[in-house]
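Residue numbers (this note's numbering): 592 to 1061.
The structure appears below as structure tokens.
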């Protein structure tokens, strides 16, 4: 979402005439305890996710501003309200770039920044008005059981992003993805954040960025960049998931749509091609019909198309952002989309965005026309009730068995024959096995003591997920 804040624009205008706050560039450890939870990190299981040991569908939200709050109490209130809603995951800006130090007179959310882009480099702000705020968000999320998605840059100019990189190092929105200086600084920032929080199970996923686009770029630029950056993140932390954070743009080769704007590939993103990137664990897509010149009713089609394409790939997909510009009156337009998600095979959705009126910072300062506030009447349906419905969707009961096995390179009626599966109980089905292919299969299996025939099953590792229908 492109969030326009008049306050942040004003801050930039004043930055040259108001005394600036000095940043703290000396690296320091996390200011608050993290990594204490005994739960394993979230992971994919077929087209769903396992969170704290449970494979489930879920509802989540966005709260871009959470790490830009100066008050620990405000962070805790926000996190506990999200958890009380039933939200499992919140997407929070993991970036905050400036090209000049913000004025000392700034207030939340514009007094906090994470990185100064200047003099050919990025300088991390480890101070109390910098990364320490993100430290506390991770700490609070871990303490209260909320998972976080942290994007590393913004395609839009809000709180830095590509525009800030280009002001500091030259270039434009098209060249950013291949500019040597920008990409070096970007990767250094990724390394700072990933190595700082990789021990915390509060991290649901690392996200390459918010809504990356590359209009008029050579074909495949985004896919190549996403392949390389996601592999780099995995080299730093192979125990957390990685995702792209894109809007789900399709191309004429996608097999769906009418070739209009969202299906034209004009923004330089090929969602289907990106589904094939092995180091991206799941896919994202967004939904803003008004901004894209579509009718609101088209949103259901967009959801169903991405569900279909994700099913073909075997990867989970999340409707990561959706919203409509009707303050306190979002139900008519957004509830049909939620129903479409509830009926689909999509693992989750994350509404844009969560708001609270119980903080020391006025809710309107953090919100926009899409925001649904915790005390709004419509929040009961679009927030709490929807989260309850998603959580109640029946997900398979998965058990993990690790067994010695052998794949015979012969097919019997389209099945791969697995040998050595003695010990798997009769009546169970192999749901998903794979490092490279993540298929959500719950097939009826023909099982005897030594052989199991599973339709279209691709085996790349010695770990088997078993679906117990009982």
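By construction, the Cβ of each residue, glycine as well, lies at the ideal position given by its N, Cα and C atoms.
Using a threshold of 8 angstroms, state whether the C-beta atoms of residue 620 and residue 659 are closer than that.
Here residue 620 refers to the residue found at position 29 when the chain shown is read from its first residue. Here residue 659 refers to the residue found at position 68 when the chain shown is read from its first residue. The answer is no: Cβ separation not under 8 angstroms.
Work out the CA separation of residue 757 and residue 959 for me, nearest whole Å.
Position 368 of the chain shown, counting from 1, holds the residue named residue 959. Position 166 of the chain shown, counting from 1, holds the residue named residue 757. Cα to Cα, the separation comes out at about 26 angstroms.
CA-to-CA distance, residue 852 to residue 885, given in whole angstroms
Numbered from 1 along the chain shown, position 294 holds the residue referred to as residue 885. Numbered from 1 along the chain shown, position 261 holds the residue referred to as residue 852. Each residue's alpha carbon lies about 9 angstroms from the other.
Measure the C-alpha to C-alpha separation of residue 731 and residue 667 and round it to an integer number of angstroms.
Taking the chain shown and counting its residues from 1, one reaches residue 731 at position 140. Taking the chain shown and counting its residues from 1, one reaches residue 667 at position 76. Roughly 6 angstroms between the two C-alpha positions.
What are the partner residues of residue 713, as DSSP defines its beta bridges?
For the purposes of this step, residue 713 is identified with residue 122 of the chain shown, where counting begins at 1. In the DSSP output, where bridge partners are listed per residue, residue 713 has 708.
Does residue 623 come out as helix, strand or coil in the three-state DSSP assignment?
Indexing the chain shown from 1 puts residue 623 at position 32. If DSSP states are grouped into helix, strand and coil, residue 623 belongs with coil.
Give the single residue among 899, 721 and 870 whose Cα lies nearest to the Cα of residue 846.
As a first step, residue 846 must be located in the chain shown, where it is residue number 255. Considering only alpha carbons, the answer is 899.
Note down, in chain order, each residue of its chain lying with its Cβ closer than 7 angstroms to the Cβ of residue 922, except the 5 sequence neighbours on either side.
Position 331 of the chain shown, counted from the start, is the residue given in the question as residue 922. Excluding sequence neighbours, residue 922 sits near 969, 972 and 973.
Among 780, 752, 771 and 694, the one whose alpha carbon lies nearest that of residue 618
Your numbering for residue 618 matches position 27 in the chain shown. Considering only alpha carbons, the answer is 780.
Using beta-carbon positions only, say whether residue 873 and residue 635 come within less than 8 angstroms of one another.
The residue labelled residue 873 in the question sits at position 282 within the chain shown. The residue labelled residue 635 in the question sits at position 44 within the chain shown. Going by C-beta atoms, residue 873 is nearer than 8 angstroms to residue 635.
So, are the CB atoms of residue 815 and residue 857 less than 8 angstroms apart?
Numbered from its first residue, the chain shown carries residue 815 at position 224. Numbered from its first residue, the chain shown carries residue 857 at position 266. No; because the gap between Cβ atoms is not below 8 angstroms, this pair is not in contact.
Quick one: using the 10 Å Cβ neighbour count with 16 as the cut-off for buried, is residue 742 buried or exposed?
Counting from 1 along the chain shown, the entry for residue 742 is found at position 151. That one is buried.
Residue 916 to residue 963, Cα distance in whole Å?
By one-based count along the chain shown, residue 916 stands at place 325. By one-based count along the chain shown, residue 963 stands at place 372. Their backbone Cα atoms lie some 11 angstroms apart in a straight line.
Residue 789 beta carbon less than 8 angstroms from that of residue 828:
As a working note, residue 828 is residue 237 in the chain shown. As a working note, residue 789 is residue 198 in the chain shown. Yes, the pair counts as a contact, with Cβ atoms nearer than the cut-off.
What are the boundary residues of the beta strand (DSSP E) that includes residue 653?
Walking along the chain shown from the start, residue 653 turns up at place 62. Residue 653 -> beta strand (DSSP E) spans 649-653.
Evaluate contact between the stretch 767-778 and the stretch 875-882, counting only Cβ atoms and requiring at least three cross-stretch pairs below 8 angstroms.
no
Helix, strand or coil at residue 877 [DSSP, three-state]:
Along the chain shown, one-based indexing puts residue 877 at 286. DSSP places residue 877 in strand when its eight states are reduced to three.
Beta-ladder partner(s) of residue 913, from DSSP
Position 322 of the chain shown, counted from the first residue, corresponds to residue 913. Its beta-bridge partners are 878.
Proximity of residue 669 and residue 947 at Cβ, strictly below 8 angstroms
As a first step, residue 669 is located in the chain shown; it is residue number 78 there, counting from the start. As a first step, residue 947 is located in the chain shown; it is residue number 356 there, counting from the start. Going by C-beta atoms, residue 669 is nearer than 8 angstroms to residue 947.
Complete beta strand (DSSP E) runs within the stretch 921-989 (minimum length 3 residues, chain order)
939-942
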